[in-house]
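*Asks:*
Number of protein chains: 2
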Amino acid sequence: MGTRERLVQTMSDLLWERGYADTSPREVRERSGVGQGSQYHHFASKRDLALAALRHNVDDVLPAADSLSGPGSPLARIEAYLLRPRDALRGCKVGRMTQDPQVREDPELLAVVSSAFTAMHTQWAHALTEAVTAGELRSDIDPEQVAHTLMAVLQGGYVLAMAQGDPAPFEQARQGALSLLRAAAPQTPESLTK
Amino acid sequence: MGTRERLVQTMSDLLWERGYADTSPREVRERSGVGQGSQYHHFASKRDLALAALRHNVDDVLPAADSLSGPGSPLARIEAYLLRPRDALRGCKVGRMTQDPQVREDPELLAVVSSAFTAMHTQWAHALTEAVTAGELRSDIDPEQVAHTLMAVLQGGYVLAMAQGDPAPFEQARQGALSLLRAAAPQTPESLTK
DNA sequence: GTCTATAGACCGATAGAC
DNA sequence: GTCTATCGGTCTATAGAC
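For the record, the sequence lines run as chains W and R.
Take 233 as the starting number for the first sequence in this note's numbering and just add one per residue.
Take 233 as the starting number for the second sequence in this note's numbering and just add one per residue.
1) Could you tell me which uninterrupted beta strand (DSSP E) segments, each at least 3 residues in length, are contained entirely in the region 244-330 of chain W, listed from first to last along the chain?
2) Following the continuous alpha helix (DSSP H) through Gly408 of chain R, name the residue where it begins and the one where it ends.
3) I want to see whether chain R comes within less than 8 Å of Ser244 of chain W, judged by CB atoms only; does it?
4) Does the region 325-332 of chain W come within contact of the region 311-321 of chain R, defined as at least 3 CB pairs closer than 8 Å?
5) For Leu386 of chain R, does the three-state DSSP call read helix, strand or coil?
6) Would you mind telling me which residues of chain R sit closer than 9 Å to Ile373 of chain W, beta carbon to beta carbon, in chain order?
7) Quick one: does Asp254 of chain W have its CB under 8 Å from some CB of chain R?
8) Look at the alpha carbon of Gly251 of chain W and the alpha carbon of Pro418 of chain W, and state the distance between them as a whole number of angstroms.
9) When you compare the CB positions of Ser411 of chain R and Gln377 of chain W, do they come within less than 8 Å of one another, or not?
10) Rounded to a whole number of angstroms, what is the C-alpha to C-alpha distance between Asp372 of chain W and Gly389 of chain W?
11) Contact between the region 256-273 of chain R and the region 334-343 of chain W: three or more CB pairs below 8 Å?
12) If we ignore side chains and look at the alpha-carbon of each, how far apart do Gly269 of chain W and Ser299 of chain W end up?
13) Any beta carbon of chain W sitting closer than 8 Å to that of Arg322 of chain R?
14) Just to make sure I have the definition right: I need the residues of chain R whose C-beta is within less than 7 Å of the C-beta of Ala405 of chain W. Which are they?
15) On the three-pair Cβ rule with 8 Å, is the region 287-298 of chain W touching the region 398-411 of chain W?
16) Using 10 angstroms around the beta-carbon of Thr381 of chain R, count the other beta-carbons present and answer buried if the total reaches 16, otherwise exposed.
17) Any beta-carbon of chain W closer than 8 Å to the one on Thr330 of chain R?
18) Taking its Cβ as the centre, do 16 or more other Cβ atoms sit within 10 Å of Ser264 of chain R, making it buried, or is it exposed?
19) Using DSSP with H/G/I as helix, E/B as strand and the rest coil, what is Ala379 of chain R?
20) Can you look up Arg238 of chain R in the DSSP assignment and give me helix, strand or coil?
21) Along the chain, where does the alpha helix (DSSP H) that runs through Glu337 of chain W open and close?
22) Any idea what DSSP makes of Met233 of chain R, helix, strand or coil?
23) Shorter than 8 Å from the beta carbon of Pro401 of chain W to some beta carbon of chain R?
24) Which of the residues in the region 266-285 of chain W, read from start to end, lie with their CB under 9 Å from any CB of chain R?
25) Quick check: the Cα distance between Glu368 of chain R and Met394 of chain W, rounded to an integer number of angstroms?
26) Show which residues of chain R have a CB atom less than 9 Å away from the CB atom of Glu368 of chain W.
27) Nearest chain R C-beta to Glu376 of chain W closer than 8 Å, yes or no?
28) Verify whether the separation of the beta carbon atoms of Val429 of chain W and Pro375 of chain W is less than 8 Å.
29) Is it buried or exposed for Asp291 of chain W, if we count other Cβ within 10 angstroms and need 16 for buried?
30) Go ahead and pull the three-state DSSP assignment for Leu369 of chain R.
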């Protein structure tokens, strides 16, 4: 791996672990083994390196959402993506950035985060729309709304887990979301007569 | 307001706005108008001041949850608390702390956050249990799980809102949660025959 | 209780040799 | 491309007078 790549990879890790404000160029150097001269040769500033690293993290995280539009029934895809193994105590590489005022105040950094969330929402909403169309969910549920709801359950689940230093609240939160989603299945003839 | 109180109030605001790592004692001084000597007279360290300020923020936020066990039907209380007016772009004073590694690494700071979330969860779970008992929610929903789910919707909703610089995703997320919750109402005789 | 002065480390960046 | 040296500024205190 080249010097530039090592800088980006290391900054990506640190952005995830410590966030933007609390990560210094020096830390990146020490962890990556890259010297100061090289660092500023490849990136003019901490911000520029962070921008590349954030894009790297988005590219790392977004493709997984493709499974929302893959094979299988819409609801099965939704459930699978919701229950996908995740390290709750590490949190979301992209969502984490929203808690950093220095990121929110930088239009270019925020745009990367913002468009990643928009892309995720599009995928969720599409799968949910299909589930409604396929009769797997009641027609009175709003796919756009519930897409936001399920994304929030994941993002907020990380917060609960970190607050307790325990992944359990995250697991409970998404299991609870799953149970609510299943409750939103239309009543079948059998269930009406049982 | 005394000097000590002004330091705590100002640090509380800054913890909410900027977080722990990105807030300096100097910033607290400049905003509160308290001098350096006074600051270190009242608090031996930035951390000690943050501990007092974090407790202050918890005391500011927790009492609102009492409405979950107040008057009215359980489900009505749950919906009211879920839809309570909140400034989505400011986020949660307590939840925000979980994103700060320096807070997570400090057992005493983390304990304040952790016990606040536990207290909130207890209130949510109690109201949900009542709703199930009262027949307002299906008996197959797990109050403890769904308590985590609804807390996560709020905490995660803040993340979505901040990512877009727009409160709309937060509002959508909780409306979606509400619609799922209503879908989890037991089937009434009328709904079975309509 | 509050003030000013000082401390040692680190911050983010620049300069210029090789 | 990478190195070392240096810069002005800030960080989180500490010291000691008033």
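Even glycine gets a Cβ: it sits at the ideal position worked out from N, Cα and C.
*Replies:* So, from the listed chains and residues:
1) none
2) 400-415
3) no
4) no
5) helix
6) Gly408, Ser411, Leu412, Ala415
7) yes
8) 43 Å
9) yes
10) 26 Å
11) no
12) 42 Å
13) no
14) His380, Thr381, Ala384
15) no
16) buried
17) yes
18) buried
19) helix
20) helix
21) Unbroken run through Glu337 of chain W: none, as it is neither H nor E.
22) coil
23) yes
24) none
25) 32 Å
26) Per Cβ cutoff of 9 Å: no residues; Glu368 of chain W is ~13 Å from chain R at best.
27) yes
28) Only positions 233 to 426 of chain W appear in this structure, which leaves residue 429 of chain W out of reach.
29) exposed
30) coil
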